[in-house]
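The sequence shown finishes on residue 168 if you use the numbering used here, and the numbering steps up by one all the way, no holes.
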Amino acid sequence: MEAISNKIKKPSSPVIIKQHTSCGVNVEKIVRRILKYNPREYVEGLKEIALLDEGPNKRGFSSYWKEKGRIELYVKDIVGWQPWIIKKTFVFPYLSVGLALGHEIDHHVCRNQMLHDKENHAECNAYKYVYPSFGIFKPLVKLLGLFLQKSPWNIP
Ligand SMILES: [Zn+2]
13 MEAISNKIKK
23 PSSPVIIKQH
33 TSCGVNVEKI
43 VRRILKYNPR
53 EYVEGLKEIA
63 LLDEGPNKRG
73 FSSYWKEKGR
83 IELYVKDIVG
93 WQPWIIKKTF
103 VFPYLSVGLA
113 LGHEIDHHVC
123 RNQMLHDKEN
133 HAECNAYKYV
143 YPSFGIFKPL
153 VKLLGLFLQK
163 SPWNIP
């Protein structure tokens, strides 16, 4: 039995590399939870998710590096600016981190597709990757999600 089960190779989860300074939000925990609720196939081939303070060009919340199999989340830009009272709501920082991560997961899922507009595709799909992880808060978050979709998210 042991030998047989060893042969079935499940896609492995990406490694989470935490390199950001303290921001009052447990970003790593949010990322882990979102990954846990998504099918493994989505992140197959994705090697790492790096949590950094900010991006190399200081614009945008996150990046996807296809060749490296790497997603970078820029924690200062995503949640660093949020007042503590907003951070305490949990839902708002969760959605902020989640939508940035969901956007980049979509780039990874579609990495070999010829999309007309991959940025728009990622924007429209970002929420899809976050939603399963909400559990009993789904109705509340659905409402907030509708609100957020109307706000000018500008994730490159
Ligand atoms: Zn993008």
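C-beta atoms are modelled at their ideal positions from N, C-alpha and C, and glycine is treated no differently. In this text the structure is predicted, and so the values were computed from the model without any measurement.
Item                                                                                                                                             : Value
Does at least one heavy atom of ligand 1 sit under 6 Å from the Cβ of residue 138?                                                               : no
DSSP on residue 165, reduced to helix/strand/coil?                                                                                               : Its pLDDT being 48, under 50, residue 165 is placed unreliably in this model, and the value from its coordinates should be taken loosely. Three-state result, residue 165: coil.
Could you tell me if the beta carbon of residue 131 falls within a distance shorter than 6 Å of some heavy atom in ligand 1?                     : yes
Could you compute how far the alpha carbon of residue 130 sits from the alpha carbon of residue 144?                                             : 22 Å
Consult DSSP for residue 75 and reduce its assignment to one of helix, strand or coil.                                                           : strand
Based on DSSP bridge pairs, tell me the residues matched to residue 85.                                                                          : 63, 74
Pull up the distance between the alpha-carbon of residue 119 and that of residue 95, whole angstroms please.                                     : 30 Å
Could you please give the first and the last residue of the uninterrupted beta strand (DSSP E) stretch that includes residue 30?                 : 27 to 30
According to DSSP, is residue 56 part of a helix, a strand, or is it coil?                                                                       : coil
At what residues does the alpha helix (DSSP H) containing residue 45 begin and finish?                                                           : 39 to 49
Taking 7 Å as the cut-off, decide whether the C-beta atoms of residue 127 and residue 46 are in contact.                                         : no
Under the assumption that residue 32 contacts residue 64 (Cβ atoms under 8 Å), give the Cβ distance between them as a whole number of angstroms. : 6 Å
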